[in-house]
Amino acid sequence: MKMNKLVALLALPLALSAMAAQAGDGKVLYGEKTCNACHGPEGKKALMPQYPKLAGQNEAYLIVQMKDIKSGKRANGDTAAMKGVMHLVNDQDMKDIAVYLSKVKP
Ligand code: HEC
Numbered sequence: 064m065k066m067n068k069l070v071a072l073l074a075l076p077l078a079l080s081a082m083a084a085q086a087g088d089g090k091v092l093y094g095e096k097t098c099n100a101c102h103g104p105e106g107k108k109a110l111m112p113q114y115p116k117l118a119g120q121n122e123a124y125l126i127v128q129m130k131d132i133k134s135g136k137r138a139n140g141d142t143a144a145m146k147g148v149m150h151l152v153n154d155q156d157m158k159d160i161a162v163y164l165s166k167v168k169p
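Following the numbering used here, the residues of the sequence shown are numbered contiguously, the last one being 169.
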């Protein structure tokens, strides 16, 4: 039934956020928090050409952008698409993910 599929789809982010992440594992968090859906595996191939690649970007820059998108301070282009998932990550998660992405070879 269509309705069941919808319910399953809506429950997915909850199930994902409930899965315990290993503390400090940005790579695991990057997948669990659905970042890969839009920014691609390892942040190398974005879903849409107007979405940014993240692999190899500077850690400090990544953190600022994530915080600004979460708070709404950065609200340009397609940030609205991403803002919807940012309740899934706290400050520590953002830092861990930034450390991971900054070390991926672009
Ligand atoms: C629904 C799609 C979507 C999801 C899911 C998503 N993002 Fe994004 N993200 C975007 C888009 C689109 C932009 C560019 C916004 C703009 O146009 O300014 C962006 C921008 C960014 C930027 C800024 C990049 C730059 O070069 O300025 C970072 C960092 C980022 N995302 C990290 C993440 C992380 C980490 C996650 C997971 C917690 C995530 N994103 C989940 C769509 C998404």
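C-beta: ideal position from N, C-alpha, C; glycine also.
What you are looking at is a predicted structure, and each value in this text was computed from that prediction instead of being measured.
Per-residue burial, residue i [other beta carbons within 10 Å of its own, 16 or more giving buried]
| i | result |
| --- | --- |
| H150 | exposed |
| L73 | exposed |
| G140 | exposed |
| K45 | The chain is shown from 64 up to 169; residue 45 falls before or after that span and cannot be answered. |
C-beta contact flag for residue i and residue j at 7 Å
| i | j | result |
| --- | --- | --- |
| L117 | A161 | no |
| M157 | M129 | yes |
| G87 | D159 | yes |
| V167 | G135 | no |
Whole-Å CB distance - residue i paired with residue j, under 8 Å assumed
| i | j | result |
| --- | --- | --- |
| G106 | L164 | 5 Å |
| P115 | A109 | 6 Å |
| C101 | A144 | 7 Å |
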